[in-house]
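Structure record follows, encoded as structure tokens.
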Amino acid sequence: MPPLIHFVHGKESGPWGRKITHLSAIAKTQGFDIESLDYSGIACPLSRSEKLAEACQDRAPDILVGSSMGGWVATNATQCIKVRGLFLMAPAFYLPDYPMHGVGCEGNQIEIVHGWRDSIIPVEHSIRFGKEHGCTVHLIEDDHRLAQRLDLLGEYFAAFIKRVMTK
């Protein structure tokens with residue numbers, strides 16, 4: 541069975557938005573199966589995390605990828621889903637309306653990409669998470685959507701896949 545990458549979209553996005561479509565094409569060329577649930581209509585990040593954990597009971601992904609709220613969801617879900625890697629884009633950490641996230645994987649399994657000009661989630665939150673967990677944080681010249689640098693995002697993602705899958 542091919543390895544699996546599960547994508548988790550953000551609060552106001554969808555399961556096949558621009559970033560997920562771009563990154564899933566990269567993953568498919570490397571032989572991965574792809575999953576991306578629709579969390580539309582579920583406002584609570586904890587409820588989304590529970591939905592993800594439930595969906596992964598039959599087949600756990602090798603890698604979870606989350607964007608914004610989806611980053612919080614994917615990270616929190618690693619408490620019960622054992623993964624080889626966690627790739628996060630502008631994750632919604634340390635926000636006042638969110639519960640404190642849990643983390644079930646080591647920092648060397650986690651990589652974050654965040655835009656310097658993000659006006660939705662402060663870049664300092666990813667830096668803080670990176671310091672606390674010892675993970676790699678890439679800060680790039682872009683905003684919250686990371687749409688202007690999909691090329692660089694894809695390069696980071698391809699390198700991340702290679703790194704975590706060869707461990």
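Going by the working numbering, the first residue of the sequence shown is number 541, and it counts up by one from there. The beta-carbon is built from N, C-alpha and C at its ideal position, and this holds for glycine as well.
Under the 10 Å beta carbon count, K559 is surrounded by 16 or more other beta carbons and is classified as buried. Beta-bridge pairing by DSSP links V605 to F547 and F627. The alpha-carbon separation between H641 and P555 amounts to approximately 22 Å. Between H678 and I701 the beta-carbon gap is near 15 Å, outside 8 Å, which marks them as no contact. A distance below 9 Å separates the beta carbons of P631 and S666. Rounded to whole angstroms, the Cβ separation of M541 and R624 is 15 Å, and the two are not in contact under 8 Å.
Contact check for L635 and L604: beta-carbon distance about 19 Å, past the 8 Å limit, so the pair fails to qualify.
Within its own chain, the residues whose Cβ lies closer than 6 Å to the Cβ of L563, once the five positions on either side in sequence are excluded, are F697, listed in chain order. When DSSP reads this structure, L679 sits in a beta bridge with H654.
The Cβ-Cβ distance between A617 and S659 does not fall below 9 Å.
Apart from sequence neighbours up to five positions away, the residues of its chain that approach A595 with a beta-carbon distance below 7 Å are L577, ordered along the chain. Counting along the chain, S587 sits inside the alpha helix (DSSP H) bounded by residues P585 to A595. The C-beta distance from R657 to D682 rounds to 7 Å, short enough to meet the 8 Å contact threshold. Your pair I680 and P601 does not check out as a contact, with CB atoms roughly 25 Å apart and the cut at 8 Å. With a contact defined as Cβ atoms closer than 8 Å, V663 and H673 miss out at about 16 Å.
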